Every structure is written in C-alpha cells, then in structure tokens.
Amino acid sequence: MPNRTGRIAPKKATNPCPNALYVLEVFLIEGPITEEFAVLNLVVSRKIEIEGSNTL
C-alpha cells in the first residue's frame, strides 16, 4: 500500500521459523595473544546460540 509520498512501504521481515535455534561456533585462528596463553589454550572458540524468536 502506498504511503503519503506515493512509495510502497517495505514489508517488515518475519521469521518463518520462530522456534528455530541458530548455532554459530566461532574460532580464534590468529591474533595478538601471549605464548603462554597459546600453550594453555590450544583451541579458542565460543558457541553462540540464538533462538529464532530473538532479534538483534
């Protein structure tokens, strides 16, 4: 439906699957870390879980 300027307003995005769980696993592959930290932490990663009903 056109608004007052005559433009068609964009449709608001909707999540087709609000119960979905999106899982991201992020790894640190290089960067400014100490040698001691690198020896003690062979793999540095974080797992991020976002529910489909959440917004950013």
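75 is the number that my numbering gives to position 8 of the sequence shown; each next residue is one higher, with no gaps. Even glycine gets a Cβ: it sits at the ideal position worked out from N, Cα and C. Nothing here was measured: the structure is a model prediction, and the numbers come from that model.
Cβ-based neighbour list, residue i, same chain, cut-off 8 Å, excluding 5 preceding and 5 following
i: Leu88; result: Glu116, Ile117, Glu118, Gly119
Sequence-distant residues of its chain with Cβ nearer than 6 Å to residue i (five each side left out)
i: Pro85; result: Gly119, Ser120
Residue i versus residue j: straight-line alpha-carbon distance, rounded
i: Lys114; j: Glu103; result: 23 Å
i: Arg71; j: Thr122; result: 29 Å
i: Ile96; j: Pro83; result: 34 Å
i: Gly98; j: Lys79; result: 39 Å
i: Ala105; j: Val111; result: 9 Å
Residue-chain proximity (residue i, chain B), Cβ-Cβ < 9 Å
i: Thr101; result: Note that chain B does not occur in the displayed structure, where there is just one protein chain.
Three-state secondary structure (DSSP) of residue i
i: Val106; result: helix
i: Ile117; result: strand
**Q.** Contact between the stretch 71-80 and the stretch 88-108 (3+ Cβ pairs under 8 Å)
**A.** Output reads no: the stretch 88-108 does not touch the stretch 71-80.
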